[in-house]
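A.B. asks: The opening residue of the sequence shown carries number 3 in the working numbering; numbering runs sequentially from there.
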Amino acid sequence: MDRAKRLLQVLTLLCCCALAPRAQQRPLLTEDVDIIPPGSARIEVGIDFVQDAKFPLSGLRGDLTRVGVVGINVGLAPNVEFQIAGVAQNFLSINSMGPAAIPLSFPPGTLSTNDVGDFTLSTKIKLRSETRRAPAVGFRFGVQLPNSNQGRGIGTNQTNAYGALLFGKRFGRDGRLNAFGNLGLGILSAPLQPFTQNDVLLYGAAGIYRLNSRINLAGEVNGRANVRRGRAPLGTESQGEARLGVQVQAAGLRFDFAGIKGLTDLSPRSGITFGVTYDTPTVFTPAR
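Dropping the structure here:
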């Protein structure tokens with residue numbers, strides 16, 4: 003009887019661990035409040051293809067492929083997570099070249115250009131756990147590094163900062179629906195105006211619905227909005243997109259696929275994204 007009780011306790015513990023909620027990000031841009039376990043890491047790799055991408059600073063317009071959309075998240079504490087995200091290489095098939103506000107490193111008539119993406123360093127802190135009536139609350143802040151070369155026509159090569167409040171609440175039987183949202187401020191450097199910045203509103207509303215133990219539906223609306231009067235400085239305009247897709251758990255990995263629809267005049271018209279996520283076991287013990 004004692005052995006049977008101990009076995010039942012172990013099985014119960016394993017089941018509870020397996021059902022414990024964990025943040026699930028790709029293919030969404032909106033940040034979940036949940037934190038990955040301390041000492042573990044989440045590695046995300048994907049590829050995006052969007053049509054009719056627009057770059058007002060360089061005057062370029064075309065179809066953009068992002069290869070190596072990477073994200074590395076590390077759990078530092080039960081309520082703290084460190085994140086690195088960026089794009090290894092952007093490839094733009096140029097459909098048109100309008101007037102450029104900056105010098106470009108290639109001549110008129112060029113059919114394509116490529117460049118590394120700007121990487122972002124972020125810290126996410128979970129401030130309050132979810133209760134039966136109230137949502138979980140968190141805060142995320144970070145900086146976007148100037149890795150790109152503006153002469154390639156894709157990036158702005160500027161240092162930007164941001165901070166956002168995170169909210170999350172689970173609904174339905176066994177928390178089947180995970181709804182979460184972001185609201186914050188982005189401080190974007192104006193590429194053509196020294197000592198000038200544009201403070202934009204950051205927003206995101208997303209949901210992940212668990213169909214079964216292996217398949218989730220995921221959707222969101224995410225972007226930034228220019229709130230200053232008049233026209234935004236070049237390179238800091240409003241951007242927004244909607245995503246709808248699926249997550250599939252298989253072979254210890256999570257695969258994802260989503261369609262993309264632009265929501266503003268300067269957003270890409272449409273696109274697709276797909277990728278894979280691997281959650282490592284505990285690989286180190288954080289300092290206390």
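Ideal Cβ placement from N, Cα and C applies to all residues, glycine included. On a predicted model such as this, the values are computed, not experimentally measured, just so you know.
Is the segment 202–210 touching the segment 225–241 in the sense that three or more CB pairs, one from each, lie closer than 8 Å?
C.D. replies: Flag = yes, the segment 225–241 and the segment 202–210 touch.
A.B. asks: Does Y164 pass the burial test, meaning 16 or more other C-beta atoms within 10 Å, or should it be called exposed?
C.D. replies: In the sequence shown, counting from the first residue as 1, residue 164 sits at position 162. Buried, since its Cβ has 16 or more Cβ neighbours within 10 Å.
A.B. asks: Measuring straight from C-alpha to C-alpha, what distance separates V52 and N149?
C.D. replies: On the sequence shown, residue 52 is found 50 positions in, with the first residue counted as 1. On the sequence shown, residue 149 is found 147 positions in, with the first residue counted as 1. One C-alpha to the other measures close to 21 Å.
A.B. asks: Contact between the segment 141–158 and the segment 40–60 is defined here as three or more beta-carbon pairs at a separation below 8 Å; is this criterion met?
C.D. replies: As far as the Cβ criterion goes, the segment 141–158 touches the segment 40–60, which means the pair count is three or higher.
A.B. asks: Using the Cα positions of L302 and S98, report the straight-line distance between them to the nearest angstrom.
C.D. replies: Any question about residue 302 goes unanswered here, given that the chain covers just 3 to 290.
A.B. asks: Measuring alpha carbon to alpha carbon, tell me which of V118, P110, G277 and V82 ends up nearest G90.
C.D. replies: By one-based count along the sequence shown, residue 90 stands at place 88. Residue identity check: residue 90 is Ala in the sequence provided, not Gly. Of the listed residues, the one whose Cα sits closest to A90 is V118.
A.B. asks: Which one or two residues does DSSP pair with G209 in a beta bridge?
C.D. replies: On the sequence shown, residue 209 is found 207 positions in, with the first residue counted as 1. Paired residue(s): A181 and G221.
A.B. asks: Please classify Q195: does DSSP put it in a helix, a strand, or coil?
C.D. replies: By one-based count along the sequence shown, residue 195 stands at place 193. Note: Q195 maps to coil in three-state DSSP.
A.B. asks: In chain order, what residues of the same chain have a beta carbon less than 6 Å from the beta carbon of S297, not counting five sequence neighbours either side?
C.D. replies: The structure shown does not extend to residue 297, since the chain spans only 3 to 290, so no value can be given for it.
A.B. asks: Among residues of its own chain, excluding the 5 on either side of Q152, which ones have a beta-carbon nearer than 8 Å to its beta-carbon?
C.D. replies: The residue labelled residue 152 in the question sits at position 150 within the sequence shown. These residues qualify, in order along the chain: L59, S60, I104, T158, N159 and P193.
A.B. asks: Below 7 Å, is the gap between the Cβ of T125 and the nearest heavy atom of the ligand NAP?
C.D. replies: The model depicted lacks the ligand NAP and carries no ligand whatsoever.
A.B. asks: Grouping DSSP H, G and I as helix and E and B as strand, with all else coil, what is R175?
C.D. replies: The sequence position of residue 175 within the sequence shown is 173, counting from 1. The answer is helix: DSSP assigns R175 an H, G or I state.
A.B. asks: Please specify which runs of the beta strand (DSSP E), each continuous and at least 3 residues long, are wholly inside the segment 105–141, giving them in chain order.
C.D. replies: Whole beta strand (DSSP E) segments, 3+ residues: 114–117 and 122–130.
A.B. asks: Count the other CB atoms within 10 Å of the CB of F286; is the residue buried (16 or more) or exposed (fewer)?
C.D. replies: The residue labelled residue 286 in the question sits at position 284 within the sequence shown. Classification of F286: exposed, given that the 10 Å Cβ count is below 16.
A.B. asks: Rank D36, F173 and S240 by C-alpha distance to the C-alpha of V82 and give the top, closest one.
C.D. replies: For the purposes of this step, residue 82 is taken as the residue at position 80 of the sequence shown. It is D36 whose Cα lies nearest to the Cα of V82.
A.B. asks: Nearest to G277 by CA position, among F257, L265 and P288, is which residue?
C.D. replies: Taking the first residue of the sequence shown as position 1, residue 277 is located at position 275. The option with the nearest alpha carbon to G277 is F257.
A.B. asks: Quick check on this structure: which residue in L123, G186, S114 and L268 has the alpha carbon closest to the alpha carbon of T238?
C.D. replies: Within the sequence shown, numbered from 1, the residue matching residue 238 stands at position 236. When each option's Cα is compared against that of T238, the closest is L268.
A.B. asks: Would you tell me roughly how many angstroms separate the C-alpha atoms of Y280 and G232, rounded to the nearest one?
C.D. replies: Here residue 280 refers to the residue found at position 278 of the sequence shown. Here residue 232 refers to the residue found at position 230 of the sequence shown. Distance between the alpha carbons of Y280 and G232 is about 44 Å.
A.B. asks: Which term fits G195, buried or exposed, when burial requires 16 or more other beta carbons within 10 angstroms of its beta carbon?
C.D. replies: Locating residue 195 in the sequence shown gives position 193, counting from the first residue. In the sequence under discussion, the amino acid at residue 195 is Gln, which differs from the Gly named in the question. That one is exposed.
A.B. asks: State yes or no: is the C-beta of S114 within less than 8 Å of the C-beta of L94?
C.D. replies: Taking the first residue of the sequence shown as 1, we reach residue 114 at position 112. Taking the first residue of the sequence shown as 1, we reach residue 94 at position 92. Yes; because the gap between Cβ atoms is below 8 Å, this pair is in contact.
A.B. asks: Is it true that the CB of A234 sits closer than 8 Å to the CB of P29?
C.D. replies: Within the sequence shown, the letter at position 27 stands for residue 29. Within the sequence shown, the letter at position 232 stands for residue 234. The answer is no: Cβ separation not under 8 Å.
A.B. asks: Could you tell me which of N218, R230, R271 and A253 sits nearest to G247, measuring between CA atoms?
C.D. replies: For the purposes of this step, residue 247 is identified with residue 245 of the sequence shown, where counting begins at 1. When each option's Cα is compared against that of G247, the closest is N218.
A.B. asks: How about L147 and T161: are their beta carbons less than 8 Å apart?
C.D. replies: Counting from 1 along the sequence shown, the entry for residue 147 is found at position 145. Counting from 1 along the sequence shown, the entry for residue 161 is found at position 159. In contact: L147 and T161 (Cβ atoms closer than 8 Å).
A.B. asks: Span of the beta strand (DSSP E) holding E83?
C.D. replies: Taking the first residue of the sequence shown as position 1, residue 83 is located at position 81. Run containing E83: V82 to M99, per the beta strand (DSSP E) assignment.
A.B. asks: Of the choices D176, G186 and R175, whose alpha-carbon is the least far from that of F169?
C.D. replies: Along the sequence shown, one-based indexing puts residue 169 at 167. It is G186.
A.B. asks: Going by C-alpha distance, which of G77, I45, L129 and K128 is nearest G304?
C.D. replies: Given that the chain is displayed from residue 3 to residue 290, the structure contains no residue 304 and the question cannot be resolved.
A.B. asks: Between the C-alpha atoms of I86 and G177, what's the straight-line distance to the nearest angstrom?
C.D. replies: Residue 86 sits at position 84 when you count from the first residue of the sequence shown. Residue 177 sits at position 175 when you count from the first residue of the sequence shown. Spanning the two alpha carbons is a distance of roughly 29 Å.
A.B. asks: With a threshold of 7 Å on Cβ separation, who are the neighbours of I96 within its own chain once the five nearest residues in sequence on each side are excluded?
C.D. replies: Numbered from 1 along the sequence shown, position 94 holds the residue referred to as residue 96. The residues are L62, G64, T112, L113, S114 and T115.
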